[in-house]
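Numbering (UniProt numbering), first residue to last: 1 to 83.
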């Protein structure tokens, strides 16, 4: 399945797809307290519902740690960025 970058609009539960919109510009977020952008399944205006178990875990861990996810392995593709 194709993936796209989605920005979190800061509204509602970050585990729900309805809070995200597709972006075509590169984000400049890395770490912080709030979700900034995710690389999720989908090609439309919103990500494909529901989020996979892995994506849900990445979002939860990012919010708990304040760090991009997944953290390891070091050079792996990152799916969740914060601001």
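Think of the CB as a built atom: it goes at the ideal place given N, C-alpha and C, for glycine as much as any other residue. Model, not experiment: these values are computed from the prediction.
Judged by DSSP secondary structure, residue 53 falls outside any beta strand (DSSP E) and instead within the alpha helix (DSSP H) spanning 53-65. Residue nearest to residue 14 within the set 28, 32, 27 and 36 is 36 (criterion: CA-CA distance). Assigned with DSSP and collapsed to three states, residue 32 falls in strand. Here residue 83 has 29, 32, 34 and 36 as same chain residues with Cβ atoms under 6 Å from its own Cβ, once five neighbours each way along the sequence are excluded. Using a 10 angstroms sphere on the CB of residue 2, the tally of other CB atoms stays under 16, which defines it as exposed. Classified as exposed, residue 9 has fewer than 16 neighbouring CB atoms from the shown chains inside 10 Å of its CB. For the options 6, 16 and 12, the alpha carbon positioned closest to that of residue 22 is the one of 6.
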